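Accompanying notes for the structure given below.
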Amino acid sequence: MGRTARAAATIVSGHGLEALRPNGVLYQAQAVAPGERRVPDDPRARALLGLEGVDRHSWWHAVLAQDLDGALAGYLQFITAGESLDIQYRIQLPDGSQRWLRDRARVVERAGDGVPLRLFGVIDDVTACNSLQRRAQEASDKYRLLFDSIDAGFCVIEVLFDAAGEPEDYRFLEVNAAFEGITGIRDGVGRRMREFAGTHERHWFETYGRIARTGIPERFENSAEQLGFYYDVYAFRVGDPGLNQVGVLFTDITQRKRAEDALREDGRRKTEFIAMLAHELRNPLATITSGLQAMKLGSHGVASHPATAMMERQVGQMRRLLDDLLDINRITLGKVHLRRERCDLVQLLRQVSEAFQPHYDQQGLVLDWAWPVQPQWVKADPARLMQVFGNLLSNAAKFSNPGGRVTLSLQHDGQQAVIQVRDQGVGIEAAQLESIFELFAQVDSERNASSGGLGVGIALARQLVEMHQGQILAHSDGLGHGSTFTVCLPLDLQSSAPPALAPSEEPVPANDGVLDILLIDDNHDAADSISMVLELLGHRVTTCYSGQQGLDALAAARPDLVFTDIGMPGMDGHEVCRRMRAMSEGAPLKIVALTGWGTLEDRAQSAQAGFDYHLVKPITTAKLREALGIISGRLPA
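Here the sequence shown stands for residues 1 to 637, numbered as in full-length UniProt numbering.
Structure (structure tokens):
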């Protein structure tokens, strides 16, 4: 390589290298060829190189074989062309251990042809430092391995705030391998979110800004419409608060959300279908009911025929099933509102038992009851509670054998009333005691084969009881051992005297006077059957089958009363009512709505359209008489 210096190295101090490593071993030497580099005579240098007490002078003799070629190459580069040397290598100590050395030198004198003549250097033990760096690197490698191995997306972001301190954007500082696939964002590090999604939802910035400021982690689900994904996110602050950095771990739940949306949509369609089915079934049921009423009123022996009572019972059962179906849908949609009042459970249960006694007699069943003499007050919707206990009594009768006994009892237990319906019927298996309350549940073949049922009544009973802040439980010792349904309701312990419960419905007396009635319904059978009942009650009836026909009839002759269906094609009943009000020009005209819909919203809508009364199909003779009595003012509304 040119000139070779043979002078031994000498330990020196000064020459500027002390600043690099004050605790290192400084030396001065003449330049030598890489392969002939000699060890300084200073004991500290020999000890550092692991050559203390060893009669060897070659510097490179101490270097570990795996690092020797690299060290020689670095020194050759320094000697031939470099101004300074800075290399690291390991040495093998006599005891078999290893040590890391950092070897640095500067050329301080060169010959005229540029060949180095003299250099100053320092060697230092950097084993501890390298160990820390190595551990840090290993930790970093492990972190990165974990960072990139998870299939969830992960990133560290810096939240960017505007001058007013509001979060306006965020910058990606670090992303893992799964990030691109889950977001569709490429080369995101160092760039802002709004560069990729200019209309990114505001809630993302607000959420991350809140986490950066408060340090409180949050778990949430949100959509990113412009990216086309829906995410489940866990976000937490990273580092010092002033850095405004947030770690974001997220998974793509887009498919799950689409499936949930599809299920909700499917459920909504089923709910609407059931409601519409129940409503549409009311029309033929209304016709059958009215026709049966007309046949009874017309006599000809129909009223005394055994089939008449049977038909009335089955029509009543169909009406209850349709009501339950509609109520289930209303509760599901949140459209059922309780009309709470202070009522006596004793009197309420007495009314329910009296109403079901004929049904039990016909089935050959014994209905027992047991309740206190004193009133038991609750704050409840009496009509809904009667529906609950009616469903339980109906269920008990359905699954009891002829000659069986059903007991309806009431007692109080501290702050709550406990009502039980106990039967001696087919019973329920223990594994099915909870599922029996599920909608459309059919808990076992024996029960279904004997009596059938839609599995609606008990499910509806539970929902109505829970709306009253109560609880309903089922118990059975197994098949063949009967069942007990227990309802617990909070008692109303007010000391004030309660209002009396309205008496059970009594037959409404017939109308005293003859009325001219205009009846409008697009269903010919329903219109004709109701007209027959009204005529048999002594009234004069004009029947029309469309809204326009009804308006024409009103213009030709002014009736005392109008009955009009709501759900008619072309012009519905609401529009008919509004036009009739306009045609009457303030003259008194009573208009009654006929409809299969009977919710509070339906009644409010008919009242807003101008109706005086709201009748829900199917319409019995008693309902017609009651409506006529209220409209004429003979009965309270």
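Glycine residues also receive a C-beta, built at the ideal position from the N, C-alpha and C atoms.
Just so you know, these numbers come straight off a predicted model, no measurement behind them.
Tell me the DSSP bridge mates of residue i?
i	result
residue 58	38
residue 128	Paired residues: none, contrary to the question.
residue 409	370 and 420
residue 219	234
residue 473	486
residue 426	The partner list for residue 426 (beta bridge, DSSP) is empty, contrary to what the question assumes.
residue 153	250
Are the CB atoms of residue j and residue i within a distance shorter than 8 Å?
i	j	result
residue 594	residue 560	no
residue 420	residue 491	no
residue 404	residue 424	yes
residue 50	residue 92	yes
residue 547	residue 576	yes
residue 205	residue 170	yes
residue 529	residue 294	yes
residue 417	residue 437	no
residue 283	residue 526	yes
residue 25	residue 159	no
residue 236	residue 211	yes
residue 541	residue 534	yes
residue 103	residue 85	yes
residue 172	residue 188	yes
In angstroms, rounded to a whole number, what distance separates the CA positions of residue i and residue j?
i	j	result
residue 126	residue 220	48 Å
residue 617	residue 226	50 Å
residue 495	residue 370	Because residue 495 carries a pLDDT of 45, less than 50, the predicted location of this residue cannot be relied on, and no value is offered for it.
residue 597	residue 467	22 Å
residue 621	residue 630	14 Å
residue 628	residue 614	12 Å
residue 609	residue 602	11 Å
residue 476	residue 336	31 Å
residue 379	residue 487	15 Å
residue 265	residue 241	44 Å
residue 70	residue 257	58 Å
residue 8	residue 38	Any reading at residue 8 needs caution, since the residue's pLDDT is 30, under 50, leaving its predicted position unreliable; the model's value is listed next. Taking the straight line joining both Cα atoms gives about 7 Å.
residue 427	residue 474	10 Å
residue 252	residue 223	10 Å
residue 27	residue 59	13 Å
residue 433	residue 322	25 Å
residue 352	residue 578	40 Å
residue 348	residue 318	23 Å
residue 497	residue 413	Only weak support is given to the placement of residue 497: the predicted model assigns it a pLDDT of 43, under 50, and the question is left unresolved by the model.
residue 162	residue 135	40 Å
residue 338	residue 469	12 Å
residue 397	residue 356	10 Å
residue 255	residue 229	9 Å
residue 400	residue 346	25 Å
residue 234	residue 150	14 Å
residue 640	residue 573	Since the displayed the chain opens at 1 and closes at 637, residue 640 lies outside it and no answer follows.
Please name the residue, chosen from the options, that lies closest to residue i on a Cα-to-Cα basis.
i	options	result
residue 556	531, 583, 536 and 533	583
residue 402	517, 115 and 364	364
residue 107	519, 171, 122 and 366	122
residue 344	373, 361 and 368	373
residue 340	327, 384 and 297	384
residue 532	79, 286 and 482	286
residue 30	98, 105 and 119	119
residue 155	83, 71, 248 and 117	248
residue 381	464, 572 and 224	464
residue 619	289, 474, 565 and 436	289
residue 95	406, 79 and 52	52
residue 184	161, 153 and 213	153
residue 563	224, 520 and 604	520
residue 62	87, 150 and 99	99
residue 489	376, 434, 542 and 550	376
residue 214	193, 238 and 194	238
residue 48	36, 97 and 84	97
residue 358	394, 41, 297 and 113	394
residue 164	190, 193, 570 and 209	209
residue 623	129, 537 and 545	537
residue 114	462, 191 and 80	80
residue 485	493, 462 and 479	462
residue 291	524, 218, 196 and 406	524
residue 201	181, 167 and 411	167
I'd like to know if residue i contacts chain C, where contact means its C-beta is closer than 8 Å to some C-beta of that chain.
i	result
residue 104	Among the protein chains of the structure shown there is no chain C, as only one such chain exists.
- Message: Quick check on the DSSP output: what are the complete alpha helix (DSSP H) runs of length 4 or more inside the UniProt domain "Response regulatory" (516–632), in order along the chain?
- Response: 524–536, 547–556, 573–584, 600–609 and 621–632
- Query: Going along the chain, which unbroken runs of the alpha helix (DSSP H) with 4 or more residues stay wholly within the stretch 314–390?
  - Reply: 345–363
- Curious, which full-length beta strand (DSSP E) runs of at least 3 residues does the stretch 223–301 contain? 229–238 and 245–252
- Which runs of the beta strand (DSSP E), 3 residues or longer, sit entirely within the stretch 55–103? 84–92
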